[in-house]
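Engineer: Quick one: this structure, given as structure tokens, is what I'll be asking you about.
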Amino acid sequence: MAIKVAVASSDGKIVNQHFGHARRFLIFEVDEQGYRFIEDRPVVPHCACDGGPPPALKTAVESLSDCQAVLVTMIGYGPQEKLASQGVRCIISHDIISDALMGLRNLESNRSSAL
Numbered sequence: 287m288a289i290k291v292a293v294a295s296s297d298g299k300i301v302n303q304h305f306g307h308a309r310r311f312l313i314f315e316v317d318e319q320g321y322r323f324i325e326d327r328p329v330v331p332h333c334a335c336d337g338g339p340p341p342a343l344k345t346a347v348e349s350l351s352d353c354q355a356v357l358v359t360m361i362g363y364g365p366q367e368k369l370a371s372q373g374v375r376c377i378i379s380h381d382i383i384s385d386a387l388m389g390l391r392n393l394e395s396n397r398s399s400a401l
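Here the sequence shown stands for residues 287 to 401, where the numbers follow the numbering used here.
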């Protein structure tokens, strides 16, 4: 079963962005064969610690609601709860994107096998 994953990265190589600081999310589809890039999705940074506008958080969460997971280096409790309410899991990572996606693929594969 394929899942859609949003990755917070400024360079397209490493998961290296805090959820609230991200200006874009790289969207990937992950399945038992591996992963593939789908799109580069821009968002407005919305970190409350930077005085980010509250509507920007709502917009970011809505723009990722079609994903099942988001890979970030850090995320606040509020945004994490809002994503969870949309069915989006937050995963903390500092890995190379390909390694993080393959790790998630293996995790999902093991989860499916256990069911």
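Ideal Cβ placement from N, Cα and C applies to all residues, glycine included.
On the CB-based measure, 16 or more other CB atoms within 10 Å of its CB, does Ala312 come out buried or exposed?
Structural biologist: For the sequence presented, residue 312 should be read as Leu rather than Ala. Buried, since its Cβ has 16 or more Cβ neighbours within 10 Å.
Engineer: Just the Cα atoms here: how many angstroms apart are Asp385 and Leu350?
Structural biologist: 21 angstroms
Engineer: Shortest alpha-carbon distance to His307 belongs to which of Phe314, Val330, Phe323?
Structural biologist: Val330
Engineer: Does the distance between the C-beta of Met287 and the nearest non-hydrogen atom of the ligand PLP fall short of 7 angstroms?
Structural biologist: This structure lacks the ligand PLP, and indeed carries no ligand of any kind.
Engineer: Please state whether DSSP places Pro331 in a helix, a strand or coil.
Structural biologist: coil
Engineer: Taking only three categories from DSSP, how would you classify Ile361?
Structural biologist: coil
Engineer: To which residues of the same chain is Gln303 closer than 7 angstroms at the C-beta, ignoring the five residues directly before and after it?
Structural biologist: A distance below 7 angstroms between beta-carbons, with the five flanking residues on each side excluded, links Gln303 to the following residues of its chain, in chain order: Ala294, Ser295, Ser296, Val358, Thr359.
Engineer: In chain order, what residues of the same chain lie with their CB nearer than 7 angstroms to the CB of Lys326, ignoring the 5 residues before and after it?
Structural biologist: Per the sequence presented here, residue 326 reads as Asp, with Lys not at that position. Cβ-Cβ distances below 7 angstroms link Asp326 to Arg310, Leu312 in the same chain, with the five nearest sequence neighbours on each side left out; the list follows chain order.
Engineer: Around the C-beta of His332, are 16 or more other C-beta atoms found within 10 angstroms, so that it is buried, or is it exposed?
Structural biologist: buried
Engineer: According to DSSP, Gly320 sits in a beta bridge with which residue or residues?
Structural biologist: Asp317
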